[in-house]
Every structure is written in C-alpha cells, then in structure tokens.
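*Asks:*
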Amino acid sequence: MPDGRYSAEVLSRVREPQRVGTLPAGPGVGAGESGTLAHGTLIRISVRVDKDRVVEARFKAFGCSAAIASASLVAEWLEHTPLVEAAGLTPERVVQRLHLAPEREDVARMAVAAALGAIANAAEATSEK
Amino acid sequence: MIYLDHHATTPVDARVLEAMLPFFSEKFGNAASRQHAFGWAASDAVERARKQVAVLIGAGSKDVIFTSGATEANNLAIKGAAKARQGASTSAGTAARNHLVTVTTEHQAVLDPMLRLAREGWDVTVLPVNAAGLLDLAALEGAITARTALVSVMAANNEIGVVQPIKDAAALAHAKGAWFHTDAVQVAGKLPFDVEALDVDFASLTAHKMYGPKGVGALYVRRKGRAVAAVAEIDGGGHERGLRSGTLNVPGIVGFGRAAAIARDELPAEAARARALRQRLLDGLAAKTEGMTVNGSLDARLPGNLNVSFAGIDGEALLVSLDDIAVSSGAACTAAEPSHVLMALGLSKDRALASLRFGIGRTTTADEIDYAAAKVSDVVARLRQMSPLQSA
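Line by line, the protein sequences are chains A and B.
If you read the first sequence in this note's numbering, its first letter stands for residue 1, the second for the next number, and so on.
If you read the second sequence in this note's numbering, its first letter stands for residue 1001, the second for the next number, and so on.
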C-alpha cells in the first residue's frame, strides 16, 4: 500500500470523497477542465456563481490520488468563496495543504487551472445573458 | 486488514516456527563443526531438512544446495552454468556455447543476471509470450542453437500465475545440448513439481513463499543422468558441494525443510481449496464489475492467483482506496512504470497500471474473499463515478 507517500488528508479525500459530480447547466454555472486522459490526468471543476461569490462547486477527476485530492480540495475551497478571493487560488496552496511530493505538483496546477477556468466560464455565461 | 498477497510472501506457519526455535539458542551449533555434539545436531538437522526439500521436488538430497533465497539461487544457476560452459565446445566441436535463452515475463532475479551476462558479451535471447502469457514452444525451439548454453523458463509467473510448459521446454533445450533452469519459486508447494518428471537441470526455490522463513532458499542442481555444473558465486570454505560457501543458516534451513514437508502433505487439499476460492473471487468481482479482464490464461495457472485489470480507472488511486486489503498492483512501487509482465501480454499502459494481483493462501477464508470482492467492486464503481468520462 502506497499510504506512506501521502498525507492523511489525501487519503481521506480519496477514500471518502466529497463534492463529486457536475453541476447541471443553468444560470451562473460554469465548467473548467485541465489535463488529458492521454497523459493520465483529467480534472473537471464546475461552479455556480451568484453575484460576487461561488455558491456551489463540484469536481470530477481521473488520475492518481494526488489529482483526486487536489480537485476535491479546490472544490471545497471555492464553495462559498467571494470571487475576488477565489482568483487568488494558487497551486502552491494546494501543494502545501496536501503535503504533495514535488513530482505531484503538476496535478495541483491542473486542479487550480480547472477551477479558475470554471469561474471565468461562469462569468462569461452570466455576462452573455 | 485482509492479506491477499501470498505471491509476495507468506506468514511463517506455526509448525515451522516451532521446528526452528530450538536452533537459535539451544541447538545453536555450526553445521560444519564436525568435532562435537553441537555441530552434529546442527548438521543432522540440516540434512533432515535437505531431504524434506528434496522430496517436495522429487530430487535426491545431495541435489539440493541451500542458498540465501531464490535470487541467489537464480544467480548461481544462470551465471554459474554460463561460466561452467564458457569456452566449452559444442557437439559439432566448433564454436563455444555463448548463448542464453529466457522469457520476457521472468522475474528480475532472472532477467538481471541475464542482462549482466549480456553486458559481459553473452548473446542473450529474450522470447516473448502470447496474450495468455504462455511461451510459444515453436519460437523456443527456433531460438535454441548449438551455441546455447542454458535456457531459463520460470515454472509459474509471480504476477499472473501462468504455468509454463516446463517439460516440453526442457526437452527442446536438451535436444540441442543446452542445460535447463527453471525458477520454481511460485510453483513449489502449490502444484506438483517433479524435477525428474520434468527433466530440469536447475531449479530455484525459496522458503518464504511456502510458509517458511525469509532468507533461505535452495538451488536444485542435477547430479544424475546429465553432467551439468555451475561455478560458485561465493567462495570460502567449500560448503554445499563447493557451490555456496558460508556458514549455513541452520534455523532457516530447518524451517524450510518443515515448510516443504507440510506443503507436500497438504498440497492436493490446499490446491483444490485455493482454486475454489479463486473462482469465488472471480465470480464475485465479475458479478458487480463491468469492464474487467483477467490477465493471463485461467487454465494454465496457479490455483491461488488472480490478476485482473479494470477499464477507466487509475491503478494507483485504486490501490490507495483499498485501505484494508493487502494486494499488489500493476502500479505498485514504480508509480509510473507498468508491470513488464502485463505489458508483455500486450496490455495498454493504462490497463497494465489499473490491475490488481490477488494471491490466495493457506489462511485465506471464504469470508475474506467475499469482502475483498465487494470492496474492490465498490471502489472501482466509485472511481469510475468520479471520472470526468462519466456524466452526472
């Protein structure tokens, strides 16, 4: 068992994942994606934005434990977060919180890219109306 | 925690431990001390164990050389036989025997010694296997020449449990004057394995795969019917017919002997029980999990082995999720590199990584099998549900 390579938080996020899913299309809903299946990691984040904050966030992830945990953490952070704060989300914060090994930093970057993409997408969807 | 990794190692049987204990502090003599009772007691115990190991594989006692394990036995057989034949003329009396043949699905303890010999100038042929994991005998026949010194084919694979046609492979080697070695670590004590019936020249064994202690193994070296030889890797006292010097690990050897005797006595019943549990596991998994494939032949296989791959999930996440089942994964240890055995069957890298090896053993119960089947099915379903490829 490769438990020794991961923090307790990564393990619990993989074994008992929260906020798994995709938000149905609707007002203020946007989705962002990062990675490719061909490279072994694909993370999708969807958010629902109401006024100036994210009110709901969900994730889907294909990949290793670090990818699943990063996507799950990012979704948790986004929920109920003002947009101005969400914009400050960085891969470094994910790496630090989950104690990811340096070679796993790329999946933290993907999770953050998917999250920021989702927020931008939600903003576009809102402004187009 | 449920232990289903009996191909990696097995617990020491209580009967084995009991047999070993007196040889640590009470009967602690050196088996090479010929002048006093301590030495005689140790030597007698070693010879009794040698007989027990020999009987398990249908050998004579003197054919069994104790080593530190199967890796050492493989090294001794492969490098030792190669050195013994170096420069030896062929039956045609011309070129030297400077060629070795093995199979791509062998354990690293065979492949690495072969690789070293290749670097030293030996010509090494590594044969592929088919999708079922079986060696193609026609390809083997084509690969063996009058220059072939040794052919090494494992009896049963440590990952997929596939049992190779050893008797036929040995006959092909002998037809061209080559010697034949088999890594019999996984098969010994699990299925009948008889060095005479199979006509092998060298066979590697280890105690810890058959409920004996770690750190002790053996190399069978044929003494009758065919003049084979190996050059020692370790010199210093001429122990073990000069093939493996060093003070003998008496408690370990005693444990190995007892483990071999128990394995032999219980083999028919235990093989049938393991086979039934394997079927129960396969049925349990197949009932709840789509997109699952069995890796390697189900027919030519160790009774306690199941190796399966799952479509659409990451192997590492699968293993991390199985928090209370000890199994081995195609993704274990070397995170990004898939198993060379599964890749040899033609699996994609993803499938090879998303694989699990179950090793059913003597202590495994039907309840454990049912729990494992349910848990794996649940985790696979959860990981798939988490995947962006699945909607909702």
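Beta carbons: idealized from backbone N, C-alpha and C, even for Gly.
Here the structure is a predicted model, which is why all the values come from computation and not from measurement.
1. First and last residue of the alpha helix (DSSP H) that includes B/Asp-1378?
2. Does any CB atom of chain A fall closer than 9 angstroms to the CB of B/Ile-1360?
3. Closer than 7 angstroms, Cβ to any Cβ of chain A: which residues of the stretch 1308 to 1324 of chain B, in chain order?
4. Whose CA, out of B/Phe-1256, B/Ala-1059, B/Leu-1282, B/Asp-1299, lies closest to the CA of B/Ala-1374?
5. Within the chosen definition, does the stretch 1342 to 1355 of chain B reach the stretch 1254 to 1273 of chain B through at least 3 CB pairs nearer than 8 angstroms?
6. What residues from chain B crowd round A/Arg-44, counting only those whose CB sits closer than 9 angstroms?
7. Measuring alpha carbon to alpha carbon, tell me which residue in B/Ala-1171, B/Ala-1073, B/Ala-1037 is nearest B/Leu-1403.
8. Along chain B, in chain order, which residues have C-beta atoms closer than 7 angstroms to that of A/Pro-17?
9. Note down, in chain order, all residues in the stretch 56 to 86 of chain A with a beta-carbon under 7 angstroms from any beta-carbon belonging to chain B.
10. Could you list the residues in the stretch 93 to 108 of chain A with a C-beta less than 9 angstroms from some C-beta on chain B, going in chain order?
11. Quick check: the stretch 1018 to 1027 of chain B against the stretch 1375 to 1387 of chain B, are at least 3 beta-carbon pairs closer than 8 angstroms?
12. Return the CA-CA distance between B/Val-1163 and A/Val-47, expressed in angstroms with no decimal places.
13. Reducing DSSP to helix, strand and coil, say where A/Leu-89 ends up.
14. Is B/Met-1350 close to chain A, meaning its C-beta is less than 9 angstroms from at least one C-beta of that chain?
15. Can you tell me whether B/Thr-1125 is buried or exposed, with buried defined as 16 or more other CB within 10 angstroms of its CB?
16. With a threshold of 8 angstroms on Cβ separation, who are the neighbours of B/Asp-1123 within its own chain once the five nearest residues in sequence on each side are excluded?
17. Going along chain B in order, which residues have a C-beta closer than 7 angstroms to the C-beta of A/Val-29?
18. Between which two residues does the alpha helix (DSSP H) containing B/His-1340 stretch?
19. Quick check on this structure: which residue in B/Ile-1057, B/His-1239, B/Ser-1321, B/Leu-1135 has the alpha carbon closest to the alpha carbon of B/Ile-1043?
20. For a quick check, are the C-beta atoms of A/Val-14 and A/Ala-75 less than 9 angstroms apart?
21. What beta strand (DSSP E) runs, 3 residues minimum, are completely inside the stretch 1131 to 1185 of chain B?
22. Below 8 angstroms on the Cβ atoms is my guess for A/Val-29 versus A/Ala-125; work out the distance and round it to an integer in Å.
23. Tell me the rounded alpha-carbon separation between B/Leu-1326 and B/Gly-1304.
24. Three-state secondary structure (DSSP) at B/Gly-1252?
25. Would you mind reading off the limits of the alpha helix (DSSP H) that contains A/Glu-76?
26. Nearest-angstrom Cα distance between B/Lys-1190 and B/Leu-1302?
27. Do the stretch 1131 to 1142 of chain B and the stretch 1312 to 1324 of chain B make contact, defined as three or more Cβ pairs closer than 8 angstroms?
28. Tell whether a beta-carbon distance below 9 angstroms holds between B/Ala-1230 and B/Ala-1109.
29. Closest to B/Lys-1062 by CA distance: which of B/Leu-1137, B/Asn-1157, B/Trp-1179, B/Ala-1218 is it?
30. Please work out which residues of its chain come closer than 8 angstroms, Cβ to Cβ, to B/Gln-1279, disregarding the five sequence neighbours upstream and downstream, and give them in chain order.
31. Which residues does DSSP list as the beta-bridge partners of B/Phe-1310?
32. Report the residue ranges of all alpha helix (DSSP H) runs contained in full by the stretch 1026 to 1107 of chain B; include only those spanning at least 4 residues, in chain order.
33. Check this for me: beta carbons of A/Gly-63 and B/Asp-1183, under 9 angstroms apart or not?
34. So, with DSSP's three-state summary, where would you put B/Lys-1349?
35. Examine chain B for any beta-carbon lying closer than 9 angstroms to the beta-carbon of A/Glu-9, and answer yes or no.
36. Mark B/Leu-1127 as exposed unless 16 or more other C-beta atoms lie within 10 angstroms of its C-beta, in which case mark it buried.
*Replies:* With the given structure in hand:
1. 1366 to 1386
2. no
3. Asp-1314, Glu-1316, Ala-1317, Leu-1319, Val-1320, Ser-1321, Asp-1323
4. B/Leu-1282
5. no
6. Pro-1388
7. Because chain B spans 1001 through 1392 in this model, residue 1403 of chain B falls outside it and cannot be assessed.
8. Met-1386
9. Lys-60, Ala-61, Phe-62, Gly-63, Cys-64, Ser-65, Ile-68
10. Glu-103
11. no
12. 53 angstroms
13. coil
14. As written in the sequence, residue 1350 of chain B is Asp, which differs from the Met given in the question. Chain A, which has a Cβ nearer than 9 angstroms to the Cβ of B/Asp-1350, makes this yes.
15. buried
16. Asn-1098, His-1099, Leu-1100, Arg-1147
17. Within 7 angstroms Cβ-Cβ: nothing; A/Val-29 doesn't reach chain B, min ~14 angstroms.
18. 1340 to 1344
19. Per the sequence shown, residue 1043 of chain B should be read as Ser rather than Ile. Ranking the options by Cα distance to B/Ser-1043, first place goes to B/His-1239.
20. no
21. 1148 to 1152, 1179 to 1183
22. 7 angstroms
23. Note that residue 1326 of chain B is Ala in the sequence shown, not Leu. C-alpha separation (whole angstroms): 15 angstroms.
24. helix
25. 65 to 78
26. 7 angstroms
27. no
28. no
29. B/Ala-1218
30. none
31. B/Met-1292
32. 1037 to 1056, 1070 to 1085
33. no
34. helix
35. no
36. buried
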